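*Asks:* Everything in the sequence shown is counted per the UniProt record's numbering, starting at 1 for the first residue and increasing by one.
Beta carbons are placed, not taken as given, at the ideal position from N, Cα and C, and that holds for glycine.
Note that the coordinates shown come from a computational prediction; the quantities given were computed from them, not determined experimentally.
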Amino acid sequence: MAFSPDGTCLALATIDSDEVWIWDPVTGEILRTFPGTEYERDYGPLGGGPEGVHAVAYSPDGTLLATGGDDYIDAFLRDPATGRILHCLGEMDSLVRAVAFSPDSTRLATGGQGGVARIWNARTGEPLRTLTCDSGRVRTLAFSPDGTQLAIGSDDRTVRIYDPATGEAVTMMRTDGSVLSCAYSPDERLIAVGTTAGLCVYTLHP
1 MAFSPDGTCL ALATIDSDEV WIWDPVTGEI LRTFPGTEYE RDYGPLGGGP EGVHAVAYSP
61 DGTLLATGGD DYIDAFLRDP ATGRILHCLG EMDSLVRAVA FSPDSTRLAT GGQGGVARIW
121 NARTGEPLRT LTCDSGRVRT LAFSPDGTQL AIGSDDRTVR IYDPATGEAV TMMRTDGSVL
181 SCAYSPDERL IAVGTTAGLC VYTLHP
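1. Does DSSP classify S102 as helix, strand or coil?
2. Who does L12 pair with in a DSSP beta bridge?
3. Between which two residues does the beta strand (DSSP E) containing V138 stretch?
4. Comparing alpha-carbon positions, which option in D6, V53 and P5 lies nearest L12?
5. Taking the C-alpha atoms as reference points, what is the distance between G194 and L86?
6. Smallest Cα separation from F143: which of E19, T106, G69 and A75?
7. Whole angstroms are fine: how far does the CA of R123 sit from the CA of R129?
8. Alpha carbon to alpha carbon, how far is D79 from D61? Give it in angstroms, no decimals.
9. I need the straight-line Cα distance from R189 to E168, nearest angstrom please.
10. Using only CA atoms, which one of P164, T140 and L204 lies nearest to L150?
11. Pull up the DSSP beta-bridge partners for V179, would you.
12. Among residues of its own chain, excluding the 5 on either side of T171, which ones have a beta-carbon nearer than 7 angstroms to its beta-carbon?
13. Assuming L180 contacts T196 under a Cβ cut-off of 8 angstroms, what Cβ separation, rounded to an integer in Å, is found between them?
14. Between residue 277 and I152, what straight-line distance do the alpha-carbon atoms span, to the nearest angstrom?
15. Are there 16 or more other CB atoms within 10 angstroms of the CB of G90, so buried, or fewer, so exposed?
16. Would you mind reading off the limits of the beta strand (DSSP E) that contains V26?
17. Within its chain, find whatever has a CB closer than 8 angstroms to the CB of S4; leave out the 5 residues flanking it on each side and keep chain order.
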């Protein structure tokens, strides 16, 4: 799930459905849905067939909604007000498990089952860079607040940090469990990592 930047909408997706729901978080009212049948008419099952949608994210400027899922293994950039597909990001080599926008909303990172993360131009849908991890499916992605780093958390119990502009590896942290989530502190000195073994906080800059 993901809140819109202004907090007025909550996007929810599940692996049990090929729909995305937009809710009013105050009233609980469903504002709109993006049905799989709408996508099937143009492309195929929405974000991924019978196991549905695995990942959803609003761009920080609120103008885009990214979704990713199974089966057809595509990620999509949408108009969050209508659900209209603006860009289909093309077939991946595995299902999409995670999506994340850069802080300036110009780039989208996607990651999935094959241990590969991709960076896209969020305005045009063009691919910019491919980052390959050694092993393990990508579970979570996070850009640093200044957009100069991309953290990739995987099932192989690692968080790998890359320079998204060059694709160069910056550092790697090993954890005691499969990585489920990660987030930078606002000053970029720390990164919090949630795993199947618990929560860890790492110092990136003294």
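*Replies:* Taking the definition as stated:
1. coil
2. W21
3. V138 to F143
4. V53
5. 32 angstroms
6. T106
7. 15 angstroms
8. 12 angstroms
9. 20 angstroms
10. When each option's Cα is compared against that of L150, the closest is P164.
11. Beta-bridge partners of V179 (DSSP): T195.
12. I161
13. 7 angstroms
14. No answer is possible for residue 277: the residues shown for the chain start at 1 and end at 206.
15. Exposed: under 16 other Cβ atoms inside 10 Å.
16. Unbroken run through V26: none, as it is neither H nor E.
17. Result list for S4: L10, A11, Y58, G62 and P80, in chain order.
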